[in-house]
């Protein structure tokens, strides 16, 4: 607030108004006003307006204005603006707030915080780290390798499959090898790091991974080639007495595609490992192809001991067809009209004609007729 605002008003302002008021009031009505009313109206309109208006008011009119009105503006009005106007802008801010406001801010803060908050920050950092690790972790690494080998072998085999990879075991013959030899390595001394399909063992040889059936899934010096399914070979090296059927890839009746791992079987063999033969011409779609063991079982026989019981197959033809490939159409047959051997002995046309297996019709001998040559003619 400016500090140099004038502290008083001008002293020359008039302090009073005129003391006199009009004292004269008329005591009677004007004398010039007519005292009577006309008795009749004029007979005609005035011919013209008055030439002039009265030059003055009646002399006996009451003086309505007061005679003692001030003749001029009071001489005591201020002649000029106050001489003590501020000469310049305020030189500073107000030195204090209004007197009815608080004179100052509180002199201090509350003496303490609520009990549930900390009273102050820590004055310094901890002087040192904890002196030891938790008890459940080892305090240090082993300083050396075990000094000796186990004195005995395990007394029994594990009861179940291990839940994790076996731990490292030192070689019995004392050769020093890499500690990382048993893990699958991205790089190492083995050729191409075993292509990621095996582990690098002693003498820098790759041991390729095996499948669930125990057979190697990969082959080659660097485990880069696929293997094909195995089965008993149709023919191969001598295994034992009367046994020339070793366990071989593609059963020795096909070529293995090392890129895909599939067998390309020779003609006449089928299966993922070329382990069985094929039925000729697919039985001409007139029968089903079964292994010899099943064919014997359907005929009431047993053929399970021979090595090819589930390898050699044959056709089980539909009724009316016969032959290795069900390519022959049977002719009708019945009992021999002369009581000889007929269809009960497996003869066609009741034993009295020849069957045409392409058409399925009987060619009866002389003296016999009928669709299966079941009748004898009376004329020769």
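Numbering (our numbering), first residue to last: 596 to 975. All residues carry an ideal CB built from backbone N, CA and C; glycine is no exception.
Item to check | 7 Å Cβ shell around residue 917 - same chain, five flanking residues per side excluded | outcome: 923, 925
Item to check | Cα-Cα separation between residue 945 and residue 951, rounded to whole angstroms | outcome: 14 Å
Checklist entry - In angstroms, rounded to a whole number, what distance separates the CA positions of residue 889 and residue 896? => result 9 Å
Checklist entry - When the Cβ atoms of the stretch 802-814 are set against those of the stretch 826-834, are three or more pairs found closer than 8 Å? => result no
Checklist entry - If we call anything under 8 Å between Cβ atoms a contact, is residue 827 one with residue 902? => result yes
Item to check | Local conformation of residue 916 per DSSP, three classes | outcome: strand
Next on the checklist: Please classify residue 740 as buried or exposed, where buried requires at least 16 neighbouring CB atoms within 10 angstroms.
Outcome noted: exposed
Item to check | Length-filtered (3 minimum) beta strand (DSSP E) runs lying within the stretch 846-917 | outcome: 849-852, 857-860, 882-886, 908-912
Next on the checklist: Short of 7 Å in beta carbon distance, which residues of its chain neighbour residue 857, apart from the five on each side in sequence? Order them along the chain.
Outcome noted: 823
Next on the checklist: Restricting to Cα atoms, I'd like to know which of 973, 956, 867, 904 is closest to residue 962.
Outcome noted: 973
Checklist entry - Apart from the five residues just before and just after residue 939, which ones in its own chain have a Cβ nearer than 8 Å to its Cβ? => result 930
Next on the checklist: For the ligand FMN, is there any heavy atom lying closer than 7 Å to the beta carbon of residue 858?
Outcome noted: Of the ligands one can find in the structure shown there are none, so the ligand FMN has no counterpart to examine.
Item to check | Nearest-angstrom beta carbon gap, residue 908 and residue 860 [assumed within contact, 8 Å] | outcome: Not really, about 14 Å apart at Cβ, beyond 8 Å.
Item to check | Cut-off 6 Å between Cβ atoms - residues of its own chain near residue 793, not counting five sequence neighbours on either side | outcome: 801, 802, 803, 804, 818
Checklist entry - If you count every other CB in all the chains shown that lies within 10 Å of the CB of residue 969, and 16 or more means buried, which is it? => result buried
Checklist entry - What does a CB cutoff of less than 7 Å around residue 958 pick up in its chain, not counting 5 residues either side in sequence? => result Listed in chain order, the non-local C-beta contacts of residue 958 below 7 Å within the same chain comprise 948, 949, 951, local neighbours out to five positions each way being set aside.
Checklist entry - Terminal residues of the continuous beta strand (DSSP E) containing residue 791? => result No beta strand (DSSP E) contains residue 791, which DSSP labels as neither H nor E.
Checklist entry - Between which two residues does the beta strand (DSSP E) carrying residue 949 extend? => result 948-951
Next on the checklist: At the level of alpha carbons, what is the spacing between residue 934 and residue 966?
Outcome noted: 18 Å
Next on the checklist: Can you look up residue 924 in the DSSP assignment and give me helix, strand or coil?
Outcome noted: strand
Checklist entry - Can you tell me whether DSSP reads residue 797 as helix, strand or coil? => result helix
Checklist entry - Can you give the Cα-Cα distance for residue 885 and residue 751, rounded to whole angstroms? => result 45 Å
Next on the checklist: Considering only the alpha carbon of each residue, which of 911, 960, 864, 899 lies closest to residue 883?
Outcome noted: 911
Checklist entry - Among residues of its own chain, excluding the 5 on either side of residue 863, which ones have a beta-carbon nearer than 7 Å to its beta-carbon? => result Hits under 7 Å: 872, 873.
Checklist entry - Between which two residues does the beta strand (DSSP E) carrying residue 843 extend? => result 842-844
Checklist entry - Looking only at its own chain, which residues have a Cβ that is under 7 Å from the Cβ of residue 821, when we skip the five neighbours before and after it? => result 813, 853, 854, 855, 856
Next on the checklist: Considering only the alpha carbon of each residue, which of 815, 809, 887, 915 lies closest to residue 790?
Outcome noted: 815
Item to check | Per DSSP, cross-strand counterpart(s) of residue 930 | outcome: Paired residue(s): none; residue 930 is not in a bridge.
Checklist entry - Going straight from the alpha carbon of residue 797 to that of residue 809, what length do you get? => result One C-alpha to the other measures close to 22 Å.
Item to check | Assigned secondary structure, residue 746 (DSSP; H/G/I helix, E/B strand, else coil) | outcome: Correct three-state label for residue 746: coil.
Item to check | Euclidean distance between Cα positions of residue 915 and residue 879 | outcome: 13 Å
Item to check | Residue nearest to residue 954 in terms of C-alpha spacing, selected from 942, 927, 743, 839 | outcome: 927
Checklist entry - In terms of residues, what are the limits of the beta strand (DSSP E) holding residue 956? => result 956-959
Checklist entry - Which residues bound the beta strand (DSSP E) around residue 784? => result Careful: residue 784 lies outside any beta strand (DSSP E) and carries neither H nor E.
Item to check | DSSP beta-bridge partners of residue 803 | outcome: 793
Next on the checklist: Out of 848, 877, 876, 943, which one is the CA nearest neighbour of residue 867?
Outcome noted: 848
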